[in-house]
Each structure stands twice: as C-alpha cells, then as structure tokens.
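Structure, as structure tokens:
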Amino acid sequence: MNYKETAAQIVLQVGGKENVSHLEHCSTRLRFTLKDKNKANVEKLEAVDGVMGVRQNVQCQVIIGNDVVEVYDEVKKILGELSDNGDQPKEKQKIGAVVLDFVISVFQPLVPAIAGGGILKSLLMLASIAGVMSDQSQTYQILNLIGGAPLYFLPILVAMTTANKLKVNQLVAVSAVGALILPDMTAMLAEGATFLSFGVENIAYASQVFPAILTVLFYAQMEKLFTRFSLKSIRIFFVPMMSLLITVPVSLLILGPLGYNVGTIFSSAIITLYNQFGWLATALLAAILPLMVVTGMHKAMIPYAVSSMSELGMELLYLPASLAHNIAESGACFAVSIKTKDKKLRSTAISAGISAMFGITEPALYGVTILNKRVLYGVMGASLIGGGFAGITAIKGFALVGPGLASITMFADKDNPMNLIWAFATLGLSFVVAFIAVLVLFKDKKVEEPKETVDLETAIGVELLSSPVVGRVIPLSEVKDEVFASGMVGAGVGIVPEVGELVAPESGEITMLFETNHAIGMKLENGAELLFHIGIDTVQMEGDGFVSFVKSGDQVKRGQKLIEFDLNKITAAGLDPTVICVVTNQERFTVSSFNLEQEVTNDSDLLAVASL
1 MNYKETAAQI VLQVGGKENV SHLEHCSTRL RFTLKDKNKA NVEKLEAVDG
51 VMGVRQNVQC QVIIGNDVVE VYDEVKKILG ELSDNGDQPK EKQKIGAVVL
101 DFVISVFQPL VPAIAGGGIL KSLLMLASIA GVMSDQSQTY QILNLIGGAP
151 LYFLPILVAM TTANKLKVNQ LVAVSAVGAL ILPDMTAMLA EGATFLSFGV
201 ENIAYASQVF PAILTVLFYA QMEKLFTRFS LKSIRIFFVP MMSLLITVPV
251 SLLILGPLGY NVGTIFSSAI ITLYNQFGWL ATALLAAILP LMVVTGMHKA
301 MIPYAVSSMS ELGMELLYLP ASLAHNIAES GACFAVSIKT KDKKLRSTAI
351 SAGISAMFGI TEPALYGVTI LNKRVLYGVM GASLIGGGFA GITAIKGFAL
401 VGPGLASITM FADKDNPMNL IWAFATLGLS FVVAFIAVLV LFKDKKVEEP
451 KETVDLETAI GVELLSSPVV GRVIPLSEVK DEVFASGMVG AGVGIVPEVG
501 ELVAPESGEI TMLFETNHAI GMKLENGAEL LFHIGIDTVQ MEGDGFVSFV
551 KSGDQVKRGQ KLIEFDLNKI TAAGLDPTVI CVVTNQERFT VSSFNLEQEV
601 TNDSDLLAVA SL
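One point on numbering: in full-length UniProt numbering, the residue at position 494 of the sequence shown is 494, and numbering is uninterrupted.
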C-alpha cells in the first residue's frame with residue numbers, strides 16, 4: 001500500500017481538509033468528525049486502495065486494518081492543525097447519536113491504558129499460579145501496583161477525556177476530579193465528614209467512572225459561566241478558582257454519590273441479567289456481536305465493561321462473548337482462504353484471520369464476513385455455540401482488551417485455575433466450529449472471463465471508447481499494482497505509453513482531477529464512470545512533469561487533450577509509466593476490451609462499455 005496516496009485519496013473523498021474538524025484513530029479505523037458529512041463520498045472512499053470499508057453515523061469511520069497508524073500519520077500531514085471555527089452550519093443530530101458520540105469520545109481513549117494494565121496483572125497472576133513468582137515478593141507487588149494504576153486513576157483519565165470532548169480546561173477539570181481521590185480526602189470521608197453542616201457520604205472514588213463524568217460536566221458549565229462574567233484581567237486565576245470552589249463541594253455532596261449509584265446500578269443490572277438467563281445471555285450476545293460491531297453498537301458496551309472492571313475487578317458477559325466471536329471470525333477467514341480461488345480474497349482472508357485470532361475483528365468483518373451471507377451465518381452460529389460454552393463454564397475476564405490468543409492470559413484466575421483452561425477450550429471450540437461451518441457453507445463467486453466483444457446492435461447504452469493514450473495495450477491483470485490488477489477498482493486495461501499525452505476517449509464530463517494531475521475521472525453520457533491513472537505510484541512526483549488542460553466540471557469531447565505527462569521524468573524517477581483505464585462502476589456495465597497486446601493510437605478501439 002502507498003500510504004501517502006491512500007491518505008490523499010481519503011482526504012479528498014471525505015470532502016477535503018476544509019471539511020474535517022477532528023481526526024483520531026483506533027486499532028483499525030480512522031475516525032473523522034466532519035463539518036458536513038454529506039460532502040463525504042462513501043462509494044469512492046470504499047474504492048480507495050487500502051480502505052476495507054466505511055461506516056458513517058456520528059463520525060465518518062474509514063476502516064484500514066493493520067496499517068491504520070501509518071495511514072493516520074500521512075493523513076495528519078495533509079490536514080495539519082485542525083480547528084473548528086464554528087463557521088460551518090451544524091447539522092441537527094438525534095439525541096441517540098449525540099449520546100453515542102459522547103460515549104465513544106470519553107471511553108474509547110481509555111481502553112489502551114486499561115488493557116495494558118490489565119494484561120500485565122493477568123500475566124503476573126499466571127506467573128503466580130505457575131509458581132514462577134511469589135505473589136508475596138516485593139517485585140510482584142510493585143509490578144501488580146503498576147498494572148493496577150490505570151484502574152486506580154480511572155477518574156483522572158475519565159476527567160481528561162471528558163474535558164477534551166467538552167473543550168474545557170483539561171488541567172482544571174483533572175484538578176476538580178483529583179480532589180475526590182486525595183488520600184486525605186478519602187481518609188476524612190471514611191471518618192465521617194461534613195461540609196457546611198451537610199453530611200458527606202463516605203465513598204471511595206478511586207476507580208470510579210460516572211462520578212468523574214458528572215463532575216466534569218458540571219465543571220464545564222461553571223467554567224463557561226465565570227468566563228462570561230469575569231474581568232479579562234483576572235480571568236486567568238478567577239475562573240479556575242471559582243469553578244473549583246463550587247464544583248468540588250457539589251460533587252462531594254450530590255454528583256459523586258449520584259454517579260456512584262449509577263455505576264452500581266449499571267453493573268448490578270448486567271449481573272442480574274446474567275443470573276437470570278445464565279449461559280444463554282452470553283451465547284446470544286456472542287451471536288449478535290458481528291452485527292453490533294458492523295453497526296458500531298458494541299461501543300455501547302464499553303461503559304458497562306469499564307464500570308464492571310472498576311466495580312468488580314472482572315467482567316463476565318461481554319469479554320467471554322467477544323472471545324467466542326473473535327475466534328469464530330478467525331476460523332471463518334481461514335476456511336475462506338482455503339476454499340476461494342480468488343487470490344485477492346485469499347490474501348485478505350489470511351491477513352484478517354490472523355488479526356481476528358489476536359482480537360481485532362474489523363478486517364475480518366469488513367473484508368470477508370459481511371461480503372458473504374454464508375460466511376456471516378457460519379460466524380454467528382459458531383459464536384452462538386462458543387458463547388454458550390463460555391457461559392456454561394462461567395469464564396470471567398480480568399482485563400479490558402479484545403480477547404484473543406495474545407491476550408488469553410486475561411482469563412487467568414488465581415482463585416479458579418480452570419477459568420483459563422475453559423477460555424482455551426472456548427477458543428478452540430469457536431475456531432473449529434466456524435472453520436468447518438464456513439468450509440461447508442461458503443461458495444466461491446464465479447469469476448467470469450471478460451468478453452472480448454460485445455454485440456453493438458443489441459447492447460443498450462453502449463459507448464465504444466478509443467484509446468486515450470498512444471502505446472501498447474496490456475491486460476489489467478498484468479498491471480504492476482495489486483489493487484488495479486485485481487479489478488477491485490474497476491474493469492479495464494493498462495496501456496504502456498509511447499507518447500506523454502492523455503486524451504478523452506469519448507465525450508463526457510470531468511468529474512475529478514487529482515491535485516498532482518496524475519489521475520483524472522470522467523463520466524460518459526451512458527453513466528459509465530472512468531478513471532485514468534497515469535503511472536504506478538506517480539503521486540510521489542507531487543505533480544512534477546504533469547500538466548492538465550481541464551478542470552473538474554468541464555464538458556469534453558472525444559480526442560480533446562486532458563493531460564500532458566513527461567515520460568522521461570517518470571522513468572527517471574524509477575516509476576512505471578503504465579496508464580490505467582478502468583470503469584469504476586462496473587457493476588452496472590459490461591466492459592469488453594479490444595487490441596490486447598497490440599499497439600494502438602488515439603483512433604484505435606480500446607473498450608466497449610454497455611449498460612446491463
């Protein structure tokens with residue numbers, strides 16, 4: 001993958017850098033907050049090399065997979081410093097979308113810290129069970145405290161993410177929440193404290209989530225209020241002082257106890273559900289997780305999981321169900337890789353299967369599962385069986401991280417050594433059931449050989465295209481770019497150019513001109529959308545040697561010059577000058593090629609594009 005070109009295409013298709021107000025990434029996705037989501041072209045985003053899928057709701061989420069960090073870095077270079085100046089009209093959102101956006105923004109950034117600490121504690125527990133290290137040794141205790149630090153300071157971490165979401169002073173917000181977990185404050189509350197004659201409830205706020213969120217929400221209102229009425233000359237100290245003076249006592253008296261009770265009720269409700277339905281709850285959750293992940297609804301489980309870890313130190317529903325689902329995705333992908341004859345799909349399935357085995361399922365879901373109903377049925381069935389087994393054996397998770405082979409120690413339990421063994425059994429059962437089910441159910445899509453001719457008399461909406469470049473025609477499969485060669489972008493041919501000039505092969509409208517002039521798109525009168533890409537990886541030349549004679553929106557005629565390109569500069573840069581010509585909306589057309597392996601001029605027939 002060319003990270004730079006992928007990033008450039010993504011930014012272009014989300015509406016340009018002017019349309020981006022915020023960007024972040026998780027383990028597999030770029031998450032854009034757009035000023036106007038209607039400017040994002042989802043169809044073209046999905047066609048970008050390296051993009052596995054797109055989800056658009058509150059955020060525009062572009063699924064990349066394992067290369068997300070590298071693509072993110074390149075996107076950041078293009079975007080530079082982002083600032084939402086508020087000039088853009090804000091789209092009215094439903095309350096559910098606003099709440100989901102808030103939940104994701106607050107809880108998603110917490111996961112790496114909690115996961116890292118949790119896995120460290122689980123490895124220590126495994127070492128203690130195996131007799132490698134005594135849990136009474138100071139080394140063990142120090143390492144255990146390190147692993148427990150993220151959960152202990154969870155209120156501080158939550159204060160940071162909430163303040164960042166609300167765009168208020170992060171350090172003052174942290175100070176307000178930090179006051180709740182001061183050692184002296186904790187000791188005073190334990191002894192029975194009062195404030196202005198009001199009794200203060202004895203609550204240990206360390207590891208709590210909801211009190212911190214409510215505190216920062218209230219602090220944000222205080223900051224805005226005092227900023228509005230404060231003199232500018234004293235604002236630097238007056239606003240923080242007054243905000244802390246009011247926020248912390250209100251939190252101790254009202255918001256802290258309220259948040260504590262919300263967290264307790266939240267965890268108790270899930271435990272009651274589990275106790276009521278037993279293993280069936282785990283089985284059903286595992287079965288519907290593929291659909292929840294695809295729609296983003298699994299994010300709603302994060303507050304519960306974080307709360308459960310902070311309240312109970314373990315989680316007994318979501319993590320066991322996730323283990324069954326993740327490994328089922330892996331088994332399904334490896335079955336597809338064995339059965340398919342499609343080289344591109346096989347490569348994707350193997351890569352996605354490995355990722356799912358280690359707990360990251362988005363590449364499997366978007367690259368394989370949701371593209372084939374039979375695979376989806378196999379995954380859901382295997383997840384149901386694996387989740388049911390996990391529920392019957394009542395396995396518990398002790399670290400908030402995507403369950404998989406690498407993180408399997410998250411199920412190590414000193415009080416119940418069988419917990420880890422049952423987790424391994426769930427892993428094996430889910431993999432085997434999914435592998436066998438998909439091996440039986442999956443049917444490879446028939447790959448039809450491209451027709452060399454088309455009946456021009458009976459075809460509806462046919463366009464006969466001349467060659468846009470003088471040179472030698474080669475099959476698309478011989479183009480030295482895996483994405484184009486696989487036909488994923490569209491059906492067409494490659495042309496090894498002899499003259500550095502690209503002309504319109506038929507009359508139509510210019511729909512896109514890449515800023516470096518190395519790629520251009522046009523739409524024909526019959527609706528066919530063409531993409532001309534000059535050279536392989538020529539985006540690296542940053543426009544040097546490329547001159548365009550048209551712009552987006554121009555109407556052009558057959559034979560009209562579109563772009564001049566310097567063949568000598570391309571070859572001197574060590575790049576392949578092959579010009580790629582494809583129909584990107586190929587699902588609507590029959591595309592036939594002419595003069596393969598032949599020399600052509602601008603008067604030679606190249607492609608026949610007929611409506612289906």
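Ideal Cβ positions, reconstructed from N, Cα and C, are used throughout, including at glycine. Keep in mind the model is a prediction, meaning the values are calculated, not measured.
Here residue 603 is exposed. Its C-beta has fewer than 16 other C-beta atoms within 10 Å. Taking 8 Å as the upper bound for CB-CB distance, residue 320 and residue 129 are not in contact here, some 19 Å apart. Residue 171 counts as exposed, since fewer than 16 other beta carbons sit within 10 angstroms of its beta carbon. If you draw a 10 Å sphere on the C-beta of residue 67, you find fewer than 16 other C-beta atoms in it, and that means exposed. When DSSP assignments are scanned along the segment 255 to 292, the uninterrupted stretches of alpha helix (DSSP H) that are 4 or more residues long and fall wholly within it turn out to be 256 to 277.
By the neighbour-count criterion, in which a residue is buried when 16 or more other Cβ atoms sit within 10 angstroms of its Cβ, residue 256 is buried. The alpha helix (DSSP H) runs of length 4 or more contained entirely in the segment 527 to 600 are, from start to end of the chain, 567 to 572.
Runs of the alpha helix (DSSP H) lying entirely within the segment 208 to 254 and spanning at least 4 residues, in chain order: 210 to 229, 235 to 250.
By the Cβ criterion, the segment 410 to 430 is in contact with the segment 382 to 393, since at least three pairs of Cβ atoms, one from each stretch, lie closer than 8 Å.
Look at the beta carbons and you see the segment 201 to 208 not touching the segment 278 to 289: under three pairs across the two are nearer than 8 Å. Residue 193: member of the beta strand (DSSP E) spanning 193 to 195, first to last residue.
Comparing alpha-carbon positions, the option among 290, 234, 550 lying closest to residue 520 turns out to be 550. Two segments are said to touch when three or more pairs of C-beta atoms, one from each, lie closer than 8 Å; by this definition the segment 153 to 173 touches the segment 103 to 111.
Separation of residue 165 and residue 35 (C-alpha to C-alpha, rounded to the nearest whole angstrom) is 16 Å.
If you look at residue 339, you'll find it in the alpha helix (DSSP H) that goes 318 to 339.
Exclusion of the five residues before and after residue 15 leaves 34, 36, 39, 40 as the residues of its chain whose Cβ lies within less than 7 Å of its Cβ. Inter-residue distance for residue 241 and residue 190 is about 27 Å (C-alpha atoms, whole angstroms). The Cβ atoms of residue 578 and residue 510 do not sit closer than 8 Å to each other. Residue 183 sits exposed, since fewer than 16 C-beta atoms from the chains shown fall within 10 Å of its C-beta.
Between residue 369 and residue 332, the C-beta gap is smaller than 8 Å, which places the two residues in contact. Residue 562 and residue 229 have their C-alpha atoms roughly 60 Å apart. Distances from the alpha-carbon of residue 69 to those of 24, 32, 46 put 24 closest. In the structure shown, residue 184 falls within a helical segment according to DSSP collapsed to helix, strand and coil. One thing to note: residue 249 has its Cβ no nearer than 8 Å to the Cβ of residue 210. If you compare the alpha carbons of 544, 508, 479, 530 with that of residue 555, the shortest gap goes to 508.
Counting only the Cα atoms, residue 581 lies some 20 Å from residue 12. In the three-state reduction of the DSSP assignment, residue 133 falls in the coil class, being assigned neither a helical nor a strand state. DSSP links residue 508 through a beta bridge to 524, 556.
In this structure, residue 309 keeps its C-beta atom at 8 Å or more from the C-beta atom of residue 104.
Taking 8 Å as the cut-off, the Cβ atoms of residue 251 and residue 222 do not count as close. If you look at residue 34, you'll find it isn't in any alpha helix (DSSP H); it sits in the beta strand (DSSP E) that goes 29 to 34. Along the segment 456 to 505, the beta strand (DSSP E) occurs as fully enclosed runs of 3 or more residues at 460 to 466, 471 to 475, 491 to 497, 501 to 503, listed in sequence order. Around the beta carbon of residue 516, a 10 Å sphere encloses 16 or more other beta carbons of the protein chains shown; the residue is thus reported as buried. In the three-state DSSP reduction, residue 307 falls in the helix class (H, G or I).
Residue 235 is classed as exposed because its beta carbon has fewer than 16 other beta carbons within 10 Å across all chains shown. Taking 8 Å as the upper bound for CB-CB distance, residue 64 and residue 54 are not in contact here, some 11 Å apart.
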